[in-house]
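Right, one structure below, let's go through it.
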Amino acid sequence: MSDPVRRVELTERAAALLRTLIEQHGPVMFHQSGGCCDGSSPMCYPRGEFRVGAADVLLGQLEGDTPFWMSADQYEYWRHTRLTVDVVPGRGSGFSLEAPEGVRFLIRSRLLTDEELAVLAATPPRTGADPSP
10 MSDPVRRVEL
20 TERAAALLRT
30 LIEQHGPVMF
40 HQSGGCCDGS
50 SPMCYPRGEF
60 RVGAADVLLG
70 QLEGDTPFWM
80 SADQYEYWRH
90 TRLTVDVVPG
100 RGSGFSLEAP
110 EGVRFLIRSR
120 LLTDEELAVL
130 AATPPRTGAD
140 PSP
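Each residue of the sequence shown is one higher than the one before, counting from 10 in my numbering.
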C-alpha cells in the first residue's frame with residue numbers, strides 16, 4: 010500500500026467548496042456529532058468557534074489544514090470505515106457554513122480493508138483530551 014491510509018477524504022467538489030469557505034471565513038474545521046440538527050452530516054465551522062470535547066476523535070486533516078473531528082460515540086459506529094465528505098444540493102437544518110450556498114456536506118463511506126485497519130491500529134487517532142501536536 011503506497012498511499013498513507015486515511016480515515017477521511019474529500020471529493021473534488023467538496024474540496025472546491027472548502028477552499029471557497031476558507032477564503033470567506035478563514036480557517037475552518039469539521040465536526041460530526043451524531044446528535045440533532047443534521048447530526049449525521051458533517052458540520053463546517055470557523056475554527057475556534059466550536060469547542061472540541063475531550064472524547065472527540067480527530068479523524069484527519071483535510072485540505073487547507075482543516076481538521077475533521079467526530080464525537081466518540083459516532084466514531085464507535087464509523088471506526089471501520091473510510092469517510093468521504095461530499096456535497097449535494099439542498100440546505101441542511103444545521104448551522105454549517107455551507108448552508109447559505111444552497112448545498113450541504115454529507116458523508117459517504119466504505120469499509121476499510123483488513124490491511125488498512127491494521128495500519129490504522131498502529132496509530133490510533135488523537136482525541137480532544139490529547140495535547141495539540
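The C-beta atom is built at its ideal place from N, Cα and C for all residues, glycine as well.
Note that this is a predicted model, so its numbers are computed, not measured.
Using a Cβ-Cβ cutoff of less than 7 Å, which residues in the same chain neighbour residue i once the five nearest sequence positions on both sides are dropped?
i: arginine 100; result: Ala108, Gly111, Arg113
i: arginine 38; result: In the sequence as presented, arginine is not what sits at residue 38; that position holds methionine. Tyr54, Arg56, Phe59, Thr75, Pro76, Trp78.
i: alanine 81; result: Ala64, Asp65, Val66
Using C-beta distances below 8 Å, list every residue in its chain close to residue i, excluding the 5 sequence neighbours before and after it, in chain order.
i: arginine 15; result: Gly69, Arg91
i: histidine 34; result: Pro55, Leu106
How big is the Cα-Cα spacing for residue i and residue j?
i: threonine 20; j: arginine 28; result: 12 Å
i: leucine 106; j: leucine 30; result: 7 Å
i: glycine 62; j: tyrosine 84; result: 13 Å
i: threonine 93; j: glutamate 125; result: 15 Å
i: glutamate 72; j: arginine 22; result: 12 Å
i: leucine 115; j: leucine 26; result: 13 Å
i: leucine 129; j: glutamate 32; result: 32 Å
i: phenylalanine 104; j: glycine 137; result: 21 Å
i: methionine 10; j: leucine 121; result: Its pLDDT being 43, under 50, methionine 10 is placed unreliably in this model, and the coordinates cannot settle the point.
What would DSSP say about residue i, mapped onto helix, strand or coil?
i: proline 55; result: strand
i: valine 143; result: Because the chain spans 10 through 142 in this model, residue 143 falls outside it and cannot be assessed.
i: valine 128; result: helix
Short check: CB of residue i to CB of residue j, under 7 Å?
i: arginine 117; j: aspartate 95; result: yes
For residue i, collect the residues of the same chain with a Cβ closer than 6 Å to its Cβ; drop the 5 residues on either side in sequence, then sort them by chain order.
i: methionine 79; result: Gln41, Val66, Leu68
i: valine 17; result: Leu68, Gly69, Phe77, Leu92
#### Entry: Length at least 3, wholly inside the region 12 to 52: the beta strand (DSSP E) runs in chain order
17 to 19, 37 to 41
#### Entry: Inside the region 67 to 93 only - beta strand (DSSP E) runs reaching at least 3 residues
75 to 79
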